[in-house]
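Numbering (full-length UniProt numbering), first residue to last: 1 to 111.
Built from N, CA and C at the ideal position, the CB exists for glycine as well.
(1) If you reduce the DSSP assignment to three classes, tell me which class residue 103 lands in.
(2) Does the count of Cβ pairs from the region 96-109 and the region 47-64 closer than 8 Å reach three?
(3) Return the residue from the list 52, 68 and 103 that minimises the CA-CA distance to residue 58.
(4) Could you name the residues that DSSP lists as bridge partners for residue 29?
(5) I think residue 8 touches residue 74, with their Cβ atoms under 8 Å apart; what is that distance to the nearest whole Å?
(6) Using 8 Å for Cβ pairs, my map puts residue 18 next to residue 63. What's the rounded Cβ distance?
(7) Please return the same chain residues whose Cβ sits closer than 7 Å to the Cβ of residue 110, not counting the five positions on each side in sequence.
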């Protein structure tokens, strides 16, 4: 099992999860975070820290696409180990559906 970052992180990217991860398995895109599934130790400490409730165990149904997105971008985006600033409009995007097409493939700045 691993944890997966899902759609609600897009354009929210609060990063509270990054602070608590004991193995630094988060990677940063321009408007989204991902978890490297091969590095995640399944401890679950990140899940309750996410204000957007965007982190879900991969045992939940219908997450294959999100697992692949997390794997793909964890290979190319920079690792992030410290919480940065969330986008100024993060609260406005929190909870909105249909954000998948807004996912930017551009890398974030990393640490």
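Let me spell this out:
(1) coil
(2) When C-beta atoms of the region 96-109 are compared with those of the region 47-64, fewer than three pairs fall below 8 Å, so the two segments do not count as touching.
(3) 68
(4) 107
(5) The pair is not a contact, with the Cβ atoms about 18 Å apart (cut-off 8 Å).
(6) 21 Å between Cβ atoms; not a contact.
(7) 28, 78, 79 and 80
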